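Heads up: the sequence shown runs through residues 0 to 129, numbered per numbering that gives the first Met the number 0.
Beta carbons: idealized from backbone N, C-alpha and C, even for Gly.
Given the structure is predicted, the values throughout are model-derived calculations rather than measurements.
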Amino acid sequence: MKARERNTTDDDHMANENLDFLIAKFSNNSASVENKPSYFTCGENKMKEWYLSKKDEIEDNYYGNLVPMVINFYIATEANVFIGVSRSSFSNDVWITRYYQGKGDTNYQYTPQGIIPVPNGGLPPLHSNC
């Protein structure tokens, strides 16, 4: 993985920590899966491309946020490593799906102390309000 120019503002501290963590994971091959390339992206750009390809057939943003969310979920569940936040229903759904796909050992969460593995082999605890 190529080194990137580091962000220098205080607001970018988390981005730098995330980048350092991902570079370390991929440098020692602990996150490689069958030598597949890894992508760090979201569904928004893919949706813009798709809407442009269908501009004569449907109006822009016809599906709203649903399709980009599904694309993001697919990207996150297929990624070599996923880093989420504990109070996010999206992160919890991704962690649970990845756990049952056998990828729980590469589920991580942001915390005030930094990025740490999700406990219990990558399976997050149940929501207390469900």
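Are the CB atoms of residue j and residue i within a distance shorter than 8 Å?
i: residue 103; j: residue 121; result: yes
i: residue 80; j: residue 109; result: no
Starting from residue i, trace the beta strand (DSSP E) both ways and give me its first and last residue.
i: residue 96; result: Careful: residue 96 lies outside any beta strand (DSSP E), inside the alpha helix (DSSP H) at 88 to 99.
i: residue 110; result: 106 to 110
i: residue 113; result: 113 to 116
How many Å lie between residue i and residue j at the Cα?
i: residue 73; j: residue 117; result: 19 Å
i: residue 123; j: residue 105; result: 13 Å
i: residue 49; j: residue 76; result: 21 Å
i: residue 58; j: residue 112; result: 45 Å
i: residue 62; j: residue 54; result: 13 Å
i: residue 9; j: residue 71; result: Because residue 9 carries a pLDDT of 47, less than 50, the predicted location of this residue cannot be relied on, and the following value inherits that uncertainty. If I take the Cα positions, the gap works out to 28 Å.
Tell me whether residue i sits in a helix, a strand or coil according to DSSP, three-state version.
i: residue 47; result: helix
Can you list, in chain order, the stretches of the alpha helix (DSSP H) that have 4 or more residues and sit fully within the stretch 57 to 85?
Every alpha helix (DSSP H) of 4 residues or more that sits fully in the stretch 57 to 85 is shown, in chain order, as 65 to 77.
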